[in-house]
Ligand code: VGL
Ligand code: ZN
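In the working numbering, the protein residues as written are 5 to 204.
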């Protein structure tokens with residue numbers, strides 16, 4: 005067995021003070037740093053949107069953040085502008101140990117489609133390339149932690165389990181946005197696909 009820690013979106017905009025702040029988002033950083041030594045590989049993901057991204061409420065006339073619209077690939081929650089390429093908000097939290105990462109994968113860089121999952125964009129078919137990276141390195145087991153539990157961690161975990169990886173989500177090292185019961189729905193969906201939830 006070869007295992008990897010996948011650290012999801014520990015970026016300034018998802019931490020207190022950021023544009024799409026997740027409550028206590030910064031509290032998990034020291035614990036994630038401490039976990040890094042326990043894995044064969046460490047991979048970081050980075051939400052990385054161009055200006056005018058289709059997931060931003062500001063890109064849709066008359067729409068406000070947290071409204072849901074229909075996109076060609078399905079329902080899309082509209083967010084405040086966040087994690088724009090090259091901005092301070094899109095940068096990793098200053099305390100995250102990025103030197104230990106073998107690989108940094110960016111997602112959400114196509115203007116007309118969002119990507120919560122580290123594996124597939126929100127059409128559930130456009131690959132990010134992460135699956136190929138993991139398989140060619142012989143990695144079979146994944147532990148996920150980060151932000152947000154109910155969006156990017158959730159979608160990444162479900163996709164990974166469906167792809168046949170052994171998947172554990174560290175709930176104590178993740179934090180949720182929790183929009184209209186999205187955390188409970190995410191927990192149910194992860195359990196239903198065989199994701200192990202640890203520390204929950
Ligand atoms: C995320 C909403 C929008 C996440 C990213 O990292 O969970 N959530 N973009
Ligand atoms: Zn985003």
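Every residue gets a Cβ at the ideal spot worked out from N, C-alpha and C, and that includes glycine.
Please name the residue, chosen from the options, that lies closest to residue i on a Cα-to-Cα basis.
| i | options | result |
| --- | --- | --- |
| residue 151 | 73, 181, 170 and 145 | 181 |
| residue 207 | 85, 25, 101 and 54 | For residue 207 there is no data in the structure shown, the boundaries of the chain being 5 and 204. |
| residue 103 | 37, 20, 79 and 66 | 37 |
| residue 128 | 55, 54 and 166 | 166 |
| residue 8 | 54, 101, 141 and 190 | 141 |
| residue 18 | 87, 100 and 187 | 87 |
| residue 175 | 196, 90, 200 and 183 | 200 |
Consider the C-beta atom of residue i and the heavy atoms of the ligand VGL; say whether any pair is separated by less than 7 Å.
| i | result |
| --- | --- |
| residue 145 | no |
| residue 281 | Residue 281 is absent from the model: the chain starts at 5 and stops at 204. |
| residue 148 | no |
| residue 103 | no |
| residue 188 | no |
| residue 70 | no |
| residue 8 | no |
| residue 59 | yes |
| residue 151 | yes |
| residue 163 | no |
In whole angstroms, what separates the C-alpha of residue i from that of residue j?
| i | j | result |
| --- | --- | --- |
| residue 71 | residue 5 | 43 Å |
| residue 154 | residue 185 | 9 Å |
| residue 98 | residue 192 | 33 Å |
| residue 10 | residue 48 | 6 Å |
| residue 149 | residue 77 | 26 Å |
| residue 22 | residue 170 | 32 Å |
| residue 179 | residue 40 | 18 Å |
| residue 131 | residue 28 | 30 Å |
| residue 24 | residue 144 | 32 Å |
| residue 2 | residue 74 | Nothing about residue 2 can be read from this structure; the chain reaches only from 5 to 204. |
| residue 83 | residue 109 | 21 Å |
| residue 133 | residue 92 | 25 Å |
| residue 59 | residue 96 | 20 Å |
| residue 106 | residue 66 | 42 Å |
| residue 208 | residue 156 | The chain is shown from 5 up to 204; residue 208 falls before or after that span and cannot be answered. |
| residue 33 | residue 54 | 26 Å |
| residue 120 | residue 126 | 7 Å |
By DSSP's criteria, residue i is part of a beta bridge. Which residues make up the other side?
| i | result |
| --- | --- |
| residue 7 | 145 |
| residue 15 | 96 |
| residue 186 | None; residue 186 has no bridge partner. |
Is any heavy atom of the ligand ZN found at a distance shorter than 7 Å from the C-beta of residue i?
| i | result |
| --- | --- |
| residue 87 | yes |
| residue 41 | no |
| residue 118 | yes |
| residue 22 | no |
How close, in whole Å, do the beta carbons of residue i and residue j come, if the pair is a contact with beta carbons under 8 Å?
| i | j | result |
| --- | --- | --- |
| residue 160 | residue 113 | Rounded, the Cβ-Cβ distance is 16 Å, inconsistent with contact. |
| residue 51 | residue 111 | 7 Å |
| residue 56 | residue 139 | The Cβ separation is near 34 Å, so there is no contact. |
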